[in-house]
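Comments concern the structure below.
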Amino acid sequence: MTTAPPEAQHRLLEVQALDTRLDQIAHRRANVPALARLIELDSQLADLETALVTSRTAANDLRRAVAKAESDVEQVRTRATRDQTRLDSGSGSPKDLQALQSELASLGRRQGELEEVELEVMERLEAHESVLNELTTAHDALVAQRDEVVAERDAAFAELDADADRVSAQRAEMAAPLDEKLLALYEKMRARLGGVAVAALRHGRSEGSGLMVPGTELARIKALPPEEIVFCEDSGRILVRGEDAF
6 MTTAPPEAQH RLLEVQALDT RLDQIAHRRA NVPALARLIE LDSQLADLET ALVTSRTAAN
66 DLRRAVAKAE SDVEQVRTRA TRDQTRLDSG SGSPKDLQAL QSELASLGRR QGELEEVELE
126 VMERLEAHES VLNELTTAHD ALVAQRDEVV AERDAAFAEL DADADRVSAQ RAEMAAPLDE
186 KLLALYEKMR ARLGGVAVAA LRHGRSEGSG LMVPGTELAR IKALPPEEIV FCEDSGRILV
246 RGEDAF
């Protein structure tokens with residue numbers, strides 16, 4: 006199509022302005038500041054969650070170690086109590102009683118050693134649980150912070166989407182009377198020319214390229230009938246002529 010009524014060309018220019026607004030809204034939506042912040046927070050959360058898994062695993066290992074140490078101490082304590090009861094009863098030969106005394110001394114030393122192990126593991130567990138609590142607190146705070154940023158992002162999206170819906174409705178109304186072939190040409194050119202297919206010719210300057218149109222070309226355009234579609238030599242875009250074109 007190389008011709009279109011002047012009013013259709015001007016309407017197409019309005020459609021272009023609305024499409025440009027939609028492109029700008031889409032760009033703003035893709036670059037909402039909260040999105041970059043969410044990427045940063047998600048990275049921090051991933052690191053914290055990895056640290057939490059490692060810390061929880063280590064804490065569970067230490068809890069099992071404490072339980073084993075307590076069990077070992079209890080076994081020695083139970084055996085010592087049993088031997089002490091036998092010794093206190095005085096039953097048995099002197100040799101047996103002497104053996105019980107010797108075993109009690111050995112069990113006492115063993116209990117002391119096991120209690121030292123138990124204490125050391127409990128101290129390690131206490132220190133590790135302190136670190137785990139700090140990590141959990143930091144994680145919870147970061148999750149709360151992320152929730153706030155998500156709410157901020159969603160609010161920004163809602164505002165931009167509402168704006169896009171309004172502009173889309175205006176665009177549909179503006180494009181409705183246009184010839185399908187003209188619209189097809191427009192969409193094809195928009196895809197090829199970075200989203201801008203139509204611009205105005207004002208005071209001899211092409212708003213498609215930002216450059217002044219050479220005098221000979223300007224004279225040629227001026228001589229064309231109003232329905233003739235004019236293309237900018239520099240940008241390839243459709244130039245719409247209004248009262249201030251020349």
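One rule links them: number in our numbering = place in the sequence shown (from 1) + 5.
We treat Cβ as the ideally placed atom computed from N, Cα and C, and that holds for glycine.
Note that this is a predicted model, so its numbers are computed, not measured.
query: Go to A204, then tell me how far its beta strand (DSSP E) extends in each direction, as first and last residue.; result: 203-207
query: If contacts are defined as beta-carbon pairs under 8 Å, then L92 and Q106 qualify, I think. What distance do you get, rounded to the angstrom?; result: 7 Å
query: Does the distance from the C-beta atom of Q49 to that of L112 stay below 8 Å?; result: no
query: Go ahead and pull the three-state DSSP assignment for L216.; result: strand
query: Taking three-plus beta-carbon pairs below 8 Å as touching, is the segment 38-46 in contact with the segment 147-167?; result: yes
query: Once DSSP output is grouped into helix, strand and coil, what is the label at S211?; result: strand
query: What's the gap between the Cα of S240 and the Cα of D47?; result: 43 Å
query: Around the C-beta of L229, are 16 or more other C-beta atoms found within 10 angstroms, so that it is buried, or is it exposed?; result: exposed
query: Whole angstroms is fine: what's the gap from V20's alpha carbon to R33's?; result: 20 Å
query: When DSSP labels each residue in this structure, what does R242 get in the three-state scheme?; result: coil
query: Is the beta carbon of A74 less than 8 Å from the beta carbon of H133?; result: no
query: Does the structure place the segment 69-83 close enough to the segment 165-173 that three or more beta carbon pairs sit under 8 Å?; result: no
query: CB-CB under 8 Å to D175, same chain, minus the five flanking residues each way: which ones, in chain order?; result: Per the sequence shown, residue 175 should be read as Gln rather than Asp. So the qualifying residues of the chain are L23.
query: Which residue or residues does DSSP assign as beta-bridge partners of E233?; result: T8
query: Can you say whether I44 is buried or exposed, counting buried as having 16 or more other CB atoms within 10 angstroms of its CB?; result: exposed
query: How about R242 and F251: do their beta carbons lie closer than 8 Å?; result: no
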